[in-house]
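Inspection log for the structure reproduced underneath, given as structure tokens.
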Amino acid sequence: MITVSEATDTTDTTDGAGAETPEGAAGPGAGAPAADGAPAADPVTGTGTPDGRARGPAEGPGDGPAEGPGDGPADVPAALSAPPAGWANPLRDPRDRRLPKVAGPSGLVIFGVTGDLSRRKLMPAVYDLANRGLLPPGFSLVGFARRDWEDQDFAEVVHDAVKEHARTPFREEVWQQLAEGMRFVPGDFDDDQAFEQLRKAVDELDASRGTSGNYAFYLSVPPRFFPKVVQQLKKHGLADAPEGSWRRAVIEKPFGHDLRSAKELNAIVHEVFDPDQVFRIDHYLGKETVQNILALRFANTMFEPIWNRSFVDHVQITMAEDIGIGGRAGYYDGIGAARDVIQNHLLQLMALTAMEEPASFDAASLLTEKLKVFRAVRLPDDLGRHTVRGQYAGAWQGGAKVRGYLEEDGIDQTSATDTYAAIKLGVDNRRWAGVPFYLRTGKRLGRRVTEIAVVFQRAPHSPFDAGATEELGQNAIVIRVQPDEGMTVRFGSKVPGTSMELRDVTMDFAYGESFTESSPEAYERLILDVLLGDANLFPRHQEVEESWRILDPVEEYWASHGRPAQYTSGSWGPAEADEMLARDGRSWRRP
Amino acid sequence: MKIDLTDTTASKVNKALVRGRRAIGTPAVGMVLTMVIVTDEENAYDSIKAAEEASHEHPSRTLVVIKRHARNPRERTHPRLDAEVRVGSEAGTGETVVLRTYGEVSEHADSVVLPLLLPDAPVVVWWPADAPEDPARDPLGALGRRRITDLYAVENPMAVLRARQRSYAPGDTDLAWTRLTLWRSMLAAALDQARAAVTSAAVEAEADNPAAELLARWLEARLRVRVDRVVTAGPVVTTVRLGTEDGEVVIDRPEGPLATLTLPGQPARRLALKVRPTSELLAEELRRLDADEMYAVALRGEATEEPAAHV
Chain A
5 MITVSEATDT
15 TDTTDGAGAE
25 TPEGAAGPGA
35 GAPAADGAPA
45 ADPVTGTGTP
55 DGRARGPAEG
65 PGDGPAEGPG
75 DGPADVPAAL
85 SAPPAGWANP
95 LRDPRDRRLP
105 KVAGPSGLVI
115 FGVTGDLSRR
125 KLMPAVYDLA
135 NRGLLPPGFS
145 LVGFARRDWE
155 DQDFAEVVHD
165 AVKEHARTPF
175 REEVWQQLAE
185 GMRFVPGDFD
195 DDQAFEQLRK
205 AVDELDASRG
215 TSGNYAFYLS
225 VPPRFFPKVV
235 QQLKKHGLAD
245 APEGSWRRAV
255 IEKPFGHDLR
265 SAKELNAIVH
275 EVFDPDQVFR
285 IDHYLGKETV
295 QNILALRFAN
305 TMFEPIWNRS
315 FVDHVQITMA
325 EDIGIGGRAG
335 YYDGIGAARD
345 VIQNHLLQLM
355 ALTAMEEPAS
365 FDAASLLTEK
375 LKVFRAVRLP
385 DDLGRHTVRG
395 QYAGAWQGGA
405 KVRGYLEEDG
415 IDQTSATDTY
425 AAIKLGVDNR
435 RWAGVPFYLR
445 TGKRLGRRVT
455 EIAVVFQRAP
465 HSPFDAGATE
475 ELGQNAIVIR
485 VQPDEGMTVR
495 FGSKVPGTSM
505 ELRDVTMDFA
515 YGESFTESSP
525 EAYERLILDV
535 LLGDANLFPR
545 HQEVEESWRI
555 LDPVEEYWAS
565 HGRPAQYTSG
575 SWGPAEADEM
585 LARDGRSWRR
595 P
Chain B
57 MKIDLTDTTA
67 SKVNKALVRG
77 RRAIGTPAVG
87 MVLTMVIVTD
97 EENAYDSIKA
107 AEEASHEHPS
117 RTLVVIKRHA
127 RNPRERTHPR
137 LDAEVRVGSE
147 AGTGETVVLR
157 TYGEVSEHAD
167 SVVLPLLLPD
177 APVVVWWPAD
187 APEDPARDPL
197 GALGRRRITD
207 LYAVENPMAV
217 LRARQRSYAP
227 GDTDLAWTRL
237 TLWRSMLAAA
247 LDQARAAVTS
257 AAVEAEADNP
267 AAELLARWLE
277 ARLRVRVDRV
287 VTAGPVVTTV
297 RLGTEDGEVV
307 IDRPEGPLAT
317 LTLPGQPARR
327 LALKVRPTSE
337 LLAEELRRLD
347 ADEMYAVALR
357 GEATEEPAAH
367 V
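Chains as they are written, first to last, in my numbering: chain A, 5 to 595; chain B, 57 to 367.
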């Protein structure tokens, strides 16, 4: 399967190049003599860095480097701007598959750099990318936060975070290469002076590190600060990319709490950044297994023919956590499991499971197909019978005594926030009509697991007598997203012995077993994709809005009907959820 | 666990493998390839170690073929096969079989290896030293989809390089070429930033370094300029200079893992460019198992006109 994923990579790259070819061809006869006699495939040559197209005149006069302090001689930028836009790097060739897709010259600015996510995920991911040689020479990392730090203090914090959380071993030389490009800007989001300082830092890095004006702004801050931050970026000219370079915004969930707020949020961000330059992180989409859903379905012949209503009985998508809300009461209360998980992660997984084959493996085609699924999603008529919400109650879980949701610090005794949510959805199209998709998520469940189970119908006729098939369940394909990434196929097999007796067995494919214990972290992949400008794995604003459109009626119904059911911590959810499936003559899998 | 078999056959080895797997309780394993290492006793230990480390990224069945030289005429006339089967924690993430061949069996090692290959999975043959003149036509080499040699492990690398060029067949590759990937990646990235036509080039390296020669040939093929070979004290490749009309693009690694990148009109910056251990080279080598066309281009030192495989 490794060839499969790489093959898709290739396609992907080629598409990027395809898009830029006309432009390139139009450019005045490429300054590189190598281009003349180069093989026919050469227009594609620049593909290693799809953002290459953006760089052309970046280093022209009037750009950052010219006004930076220090040593950039005035005549040089002019000379550098000589090669026209059609310039193709002769050292790159699509046949040269060893050369990794290295991000072009760029920098990353992290707001809220002192936060947990930043320390545990972002900084280690940046280091791991550098260690794998996937970051450009001169890559720069700028931190912005309300701390009284110097650049060195910031580097120290990153150093500790990397040592503790990075996936790849710590190497001094890689660290030195990174550390040279680290800057810290102290300040509030209201502070004009701080943003002025940030702009200077960016200009200075363009001059001293050759980042060419390409910056991604990672907003690792609560959404209520988004308006302020993007306005400040705009006000100080940080959001405007100099000619030929790019400025991108990276935002994390939650993308609003209903359709209206999501639209507002999108409007605020899009006012400053072009919608194509806004990258919404759903870290699930960066996981190997999730990307593998598409490889599994569309690169193989044996699954797609049965991937429809003629063979599939129903689909269960589960994301379970064994932890409670911890210290996140302020964030979680009033939001709940459905908004926190179903709206983004589970609906995305459902879209990938249910969608038709995209015309090609690029962001636009994927968006088209995913939107088709979202628009075809139908809610059950009776929401009371086909949705369930719950709250965990205090109990012994896995050998430890845990508190119930209503007893957690900072939670109101009367809170009606759901920590468990299960809903039944239909997809109204020819492939899926009549096949229910059951989505469930919850905190303090049996164990931490995320999986997609496609459960098949029973064989229409069995030549074996009832006694023989008593223990035989339904065939199933289970995609394990985390942990223990992989896939399980369940089918019946004869029990060895003289009598004919059938029982379920499973066949297993585990990533840890067949490839690498070193598959990259989701954030590594996603950060690299942001720098490369590859939007395949990022939900677009249309998807966000469509998924709120699906969830809003459920939330409205819950707000006006009853209260969440209580379930024992460490169990697999409230009894009502089991009844919900029992009504359809089905039962939940124990993941 | 470890099972020793003396004076044995391939089918007994197969049985021992199944027995070993049953004993440790993992009857089904997701091995993705068979790695055949052809070596002598001297290089066996290091090679097996490197292969086991690489198997963390690519779980594989490793078959180590060690041809023993008989010391007296009686042993020469008595052909024999000894095997050592390792599964579980002693064999990385896969299984390892060390095969020692004596006498005439050494001439027919392929007959031992063939029944031990994993069904359907690709085969990679690696000679840590003493690779045959024509790897693709070697009986063991012919079993492999990918054949890995190492120009660093020969007495006269330049002469062998010429032989490799003559005998090249798709699927051939050399660790001297693998060692260059970081250099080539950084050179390409540097040129991405410089965005200028290259008018001259130079590769500085220790004398008779085959990797440096491959790098120079690759640059010649891609840039269509003459590449000067400059001899320095080393170690290995120390500097690459690409002359453009704006100035020189230089990657300089005098010693240690930290290199300096200089671009025209920009201050120098540092790059991590370490010399990688064999296990990492091997892991990179196993990431793709189709023919490495760019290696062929570098061997020949000229651009090929054939269209790209599938774009």
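C-beta atoms are modelled at their ideal positions from N, C-alpha and C, and glycine is treated no differently. Predicted model only: the values in this text are computed from it and were never measured.
Residues of the region 192-225 of chain A whose Cβ lies closer than 9 Å to any Cβ of chain B, in chain order: Ala211, Ser212, Arg213, Gly214, Ser216. Taking a C-beta distance under 8 Å as the contact criterion, Leu119(B) and Thr157(B) do not qualify as a contact pair. C-alpha of Leu355(B) to C-alpha of Tyr208(B): approximately 15 Å in a straight line. Contacts between Ala159(A) and chain B, judged by CB atoms closer than 8 Å, are missing: the closest CB pair is about 14 Å apart. Assigned with DSSP and collapsed to three states, Ala219(B) falls in helix.
If you look at Ile415(A), you'll find it isn't in any alpha helix (DSSP H); DSSP assigns it neither H nor E.
Residues Leu317 of the same chain have their beta carbon placed closer than 6 Å to that of Arg325(B), with the five preceding and five following residues left out of the count. Proximity of Glu411(A) to chain B, defined by a Cβ-Cβ separation below 8 Å, is not satisfied. With the rule of 3 Cβ pairs closer than 8 Å, the region 573-583 of chain A counts as touching the region 424-431 of chain A. If you look at His274(A), you'll find it in the alpha helix (DSSP H) that goes 263-276.
Scanning chain B for C-beta atoms nearer than 7 Å to the C-beta of Glu177(A) yields Pro313, Leu314, Ala328, Lys330, reported in chain order. Residue range 316-324 is occupied by the beta strand (DSSP E) that includes His318(A), with no alpha helix (DSSP H) assigned at that position. Straight-line measurement puts the Cα of Leu279(B) at about 23 Å from the Cα of Ala263(B). If you check each beta-carbon in the region 216-238 of chain B against every beta-carbon of chain A, the ones closer than 7 Å belong to Thr237, Leu238. Sequence-distant Cβ neighbours of Lys123(B) in its own chain, meaning closer than 6 Å and more than five residues away, are Thr157, Ser162. When DSSP states are grouped into helix, strand and coil, Thr95(B) belongs to the strand group.
In this structure, the alpha-carbon of Ile80(B) lies about 7 Å from that of Gly144(B). Of the residues Leu371(A), Arg252(A), Pro524(A), Lys498(A), the one whose Cα lies closest to the Cα of Glu549(A) is Leu371(A). By the neighbour-count criterion, in which 16 or more other beta carbons inside 10 Å mark a residue as buried, Gln417(A) falls on the exposed side. Lys405(A) and Arg448(A) have their C-alpha atoms roughly 12 Å apart. No Cβ-Cβ contact shorter than 8 Å links Val534(A) with Arg136(A).
Our two residues, Thr300(B) and Leu247(B), have alpha carbons roughly 10 Å apart in a direct line. Its chain contains Val181, Pro191, Arg203 as the residues whose beta carbon lies nearer than 6 Å to that of Gly197(B), once the 5 sequence neighbours on both sides are disregarded; these appear in chain order.
Exposed is the label assigned to Glu361(A), since fewer than 16 other Cβ atoms lie within 10 Å of its Cβ. Secondary structure of Val292(B) (DSSP, three-state): coil. Residue state for Glu301(B) is assigned as coil, using DSSP reduced to three classes. Secondary structure remark: continuous beta strand (DSSP E) runs of at least 3 residues inside the region 506-550 of chain A, in chain order: 506-514.
Note: Arg393(A) is bridge-paired with Ala425(A) in the DSSP secondary-structure output. C-alpha of Val392(A) to C-alpha of Lys267(A): approximately 27 Å in a straight line. Contact with chain B is found for Asn93(A), since one of that chain's Cβ atoms lies less than 8 Å from the residue's Cβ.
Per DSSP, reduced to three states, the secondary structure at Ser111(B) is coil, with no helix or strand assignment.
Only exposed fits Thr305(A), as fewer than 16 other CB atoms lie within 10 angstroms of its CB.
Taking the Cα positions, Ala397(A) is about 42 Å away from Arg434(A). Distance from the CA of Val225(A) to the CA of Phe188(A), rounded to the nearest whole angstrom, comes to 16 Å.
The three-state secondary structure of Val106(A), taken from DSSP, is coil.
Distances from the alpha-carbon of Val88(B) to those of Pro135(B), Gly321(B), Leu174(B) put Leu174(B) closest.
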